[in-house]
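Engineer:
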Amino acid sequence: MRVIFHFRHDFYHDKKKISSMSFSTVAGNFNHHILDQVTRKTGALLAEMGRAVVTVEVE
Numbered sequence: 001m002r003v004i005f006h007f008r009h010d011f012y013h014d015k016k017k018i019s020s021m022s023f024s025t026v027a028g029n030f031n032h033h034i035l036d037q038v039t040r041k042t043g044a045l046l047a048e049m050g051r052a053v054v055t056v057e058v059e
């Protein structure tokens, strides 16, 4: 079983989507401390500029 995290952040300006950034990672290949740091830092910086979507897929 693998757990895959898909991260996408959409950037908006005047209610129009101007860009999107995304990456995926398999949970077993990822240090949870790094995930926590990335989530906190990017979340704090980007929350005002758009919205983040995280989906979790299990295979």
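Residue numbers are given in the working numbering: position 5 of the sequence shown equals residue 5, and the series is strictly consecutive. Note that beta-carbon positions come from the ideal geometry of N, C-alpha and C, so glycine has one too.
What does a CB cutoff of less than 7 Å around F5 pick up in its chain, not counting 5 residues either side in sequence?
Structural biologist: Around F5: S24, T25, A27, V54, V56.
Engineer: Return yes when the Cβ of H9 is within less than 9 Å of the Cβ of S22, no when it is not.
Structural biologist: Contact flag set, yes.
Engineer: Quick check: the Cα distance between S19 and R2, rounded to an integer number of angstroms?
Structural biologist: Distance between the alpha carbons of S19 and R2: 29 Å.
Engineer: Helix, strand or coil, according to DSSP, for K15 in the structure here?
Structural biologist: K15 falls in the coil class under three-state DSSP.
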